[in-house]
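209 is the number of the first residue of the sequence shown in the working numbering; add one for each residue after it. As structure tokens, the structure follows; a few thoughts come after it.
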Amino acid sequence: MKRVLVANRGEVAVRIVRACLDLGLEVVVAHSEADRDGLAVRLATGAFCIGPGPVAQSYRNIPALLYAAARVGADAVHPGYGFLAEDPVFAAACEDVGLTFIGPTAQTIGMMGDKIGARALMAESGVPILPGSPGALRDVREARAVADAVGYPVILKAAAGGGGRGIAVVASSAGLDAAWSEIAATSRSLFGDARVFLERYVEAGRHVEVQVLGDGTDVMHLGERDCSVQRRHQKLVEESPAPNLPGRTVELLREAAERGARSIGYRSAGTFEFVVDRAGAPYFIEMNTRLQVEHPVTEHCWDVDLVAAMIDIARGGRLPARAPGPRGWCMEARVVAEDPARGWLPSAGPVGRVHLPGGHGVRVDSHLQSNSVVSPLYDSLLAKVIAWGSTREEARTRLLRAVGEVEVEGITTDTGFLAAVLASPEFAAGTHDVDLAGRLSAQLSSQPTTARPATTTPTTTPSTPTHLTGR
Numbered sequence: 209m210k211r212v213l214v215a216n217r218g219e220v221a222v223r224i225v226r227a228c229l230d231l232g233l234e235v236v237v238a239h240s241e242a243d244r245d246g247l248a249v250r251l252a253t254g255a256f257c258i259g260p261g262p263v264a265q266s267y268r269n270i271p272a273l274l275y276a277a278a279r280v281g282a283d284a285v286h287p288g289y290g291f292l293a294e295d296p297v298f299a300a301a302c303e304d305v306g307l308t309f310i311g312p313t314a315q316t317i318g319m320m321g322d323k324i325g326a327r328a329l330m331a332e333s334g335v336p337i338l339p340g341s342p343g344a345l346r347d348v349r350e351a352r353a354v355a356d357a358v359g360y361p362v363i364l365k366a367a368a369g370g371g372g373r374g375i376a377v378v379a380s381s382a383g384l385d386a387a388w389s390e391i392a393a394t395s396r397s398l399f400g401d402a403r404v405f406l407e408r409y410v411e412a413g414r415h416v417e418v419q420v421l422g423d424g425t426d427v428m429h430l431g432e433r434d435c436s437v438q439r440r441h442q443k444l445v446e447e448s449p450a451p452n453l454p455g456r457t458v459e460l461l462r463e464a465a466e467r468g469a470r471s472i473g474y475r476s477a478g479t480f481e482f483v484v485d486r487a488g489a490p491y492f493i494e495m496n497t498r499l500q501v502e503h504p505v506t507e508h509c510w511d512v513d514l515v516a517a518m519i520d521i522a523r524g525g526r527l528p529a530r531a532p533g534p535r536g537w538c539m540e541a542r543v544v545a546e547d548p549a550r551g552w553l554p555s556a557g558p559v560g561r562v563h564l565p566g567g568h569g570v571r572v573d574s575h576l577q578s579n580s581v582v583s584p585l586y587d588s589l590l591a592k593v594i595a596w597g598s599t600r601e602e603a604r605t606r607l608l609r610a611v612g613e614v615e616v617e618g619i620t621t622d623t624g625f626l627a628a629v630l631a632s633p634e635f636a637a638g639t640h641d642v643d644l645a646g647r648l649s650a651q652l653s654s655q656p657t658t659a660r661p662a663t664t665t666p667t668t669t670p671s672t673p674t675h676l677t678g679r
């Protein structure tokens, strides 16, 4: 492997570019016309325009990406996360033309991307799953029969869903018909797959995930992350290790993740996601066969470069030596171009001055640049502010300080809301659950950073809005 094509954009493209350069590899960024002045393009060895701004014509355009790889002489592709990262068709297409896909095999991606099949496979492997439908539900009548059997509340899920989309929590029988219609329609329109299944919903649960690495022969875990601070099933704050979990729960989580990864001969970085109930019992939700947005918290606690590890495994390397255990505590807060005071309405347009935090124990992964444009075409994630500390409280106070330093002139962000989360008594005590962000949204009248008009002329013009993509 000598030259890697980055088939993504934004902060993850910057992250991959830097990892490749650290490894002495040439790296070319495949970019849309809207991203021609992006930071990843500036930092990379080279760049190749793959089409107009809309993702269907650029970042989700498989022929355009394969053509770019051929033109620039790439011998490997890193998909990042989002877009085509978990598309088995793209992974197979890369393999067919002799490109090394830096990730798991197409077969594995397809197998775990089918939520119904993955759930059944994990159950066979001894990974705990929630009570629910054994397969796809035929209609709302069958859904009602299963819901009555497992007990309300329940959660309906699209078989091909992901990124917080294709999910509906149903509190009682009265809401089942409407939720069924919504999820069935979403499944068809967004994913082209109308299958829906049902599970018991865990109230006041915690969202905990386990990072794994596999080389196709052996697997290892790199600890757990708590991702319970979410709004509309989208993560906002993550940390590692997960606070206040019983030791036995931690053991069960790690054992289940390794068992599940080993059962499918997993290769590359991946994440097993679980919900943990009030009694500390973990249940499998899904596996993400890619790098996670929140991977930096694991990197700092376990002293590993996960992107470099993915590249090494893709080159035929074996697993690195297992680290002795987590070191200190790490937290990450996602700065997004959204307005919490207006129902998380996306914010886009010209950006003037940008100031990102620093200091001891602080890392920022971002593609933000002064005098640029935040396009409405893409995901709203602007930056990830990461803070490490020797204790959880040190990491929390450091992250709270760092989030307060973020300035993005011209765009409304969620930094005020993030500060409210980090300062809340529940989060400070580590006793929060997946409902914390929702409760704060209802309690706080206004927490976002006030948008200030950009005072300088951007280097590019805003693209016409079409749609947003989520992760």
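No residue lacks a Cβ here, since even glycine has one placed at the ideal position from N, Cα and C.
The beta carbon of residue 597 sits closer than 7 Å to those of 536, 537, 569, 603 and 606, all from its chain and outside the five residues before and after it, given in chain order. By the criterion of at least three beta-carbon pairs nearer than 8 Å, the stretch 335 to 342 is not in contact with the stretch 379 to 386. Secondary structure at residue 453: coil, using DSSP grouped into helix, strand and coil.
The count of Cβ pairs closer than 8 Å, one atom from the stretch 431 to 447 and one from the stretch 385 to 393, stays below three, leaving the stretches out of contact.
Using a Cβ distance threshold of 8 Å, residue 620 and residue 555 count as a contacting pair. The bridge partners DSSP lists for residue 573 are 592. Here residue 547 carries a strand assignment [DSSP, helix/strand/coil]. Per DSSP, the unbroken alpha helix (DSSP H) holding residue 505 starts and ends at 503 to 510. Separation of residue 292 and residue 435 (C-alpha to C-alpha, rounded to the nearest whole angstrom) is 23 Å. Separation of residue 420 and residue 491 (C-alpha to C-alpha, rounded to the nearest whole angstrom) is 17 Å.
Around the beta carbon of residue 584, 16 or more other beta carbons lie within 10 angstroms, which makes this residue buried. Proximity to residue 600 across 396, 567, 539 and 641 peaks at 539, based on C-alpha coordinates.
Sequence-distant Cβ neighbours of residue 266 in its own chain, meaning closer than 6 Å and more than five residues away, are 240, 258 and 259. The beta carbon of residue 477 is closer than 6 Å to those of 421, 499, 514 and 518 in its chain, skipping five residues each way along the sequence. Rounded to the nearest whole angstrom, the CA to CA distance from residue 487 to residue 404 is 28 Å.
For residue 390, the enclosing alpha helix (DSSP H) begins and ends at 384 to 394.
In the three-state reduction of the DSSP assignment, residue 209 falls in the coil class, being assigned neither a helical nor a strand state. Annotation: the stretch 278 to 338 contains the following complete segments of the beta strand (DSSP E) (minimum length 3 residues), in chain order: 284 to 286. Spanning the alpha carbons of residue 223 and residue 355 requires a straight line of approximately 43 Å. If you ignore the 5 residues before and after residue 296, its C-beta comes within less than 6 Å of the C-beta of 314, 317 and 318, all in its own chain and listed in chain order. In this model, residue 644 and residue 234 are separated by some 44 Å (Cα to Cα).
Cβ neighbours of residue 294 within its own chain (closer than 6 Å, five residues either side excluded): 317, 321, 497 and 498. Of the candidates 212, 330 and 340, 212 places its Cα closest to the Cα of residue 285. By the CB criterion at 8 Å, residue 231 and residue 628 fall outside the cutoff. Secondary structure at residue 423: strand, using DSSP grouped into helix, strand and coil.
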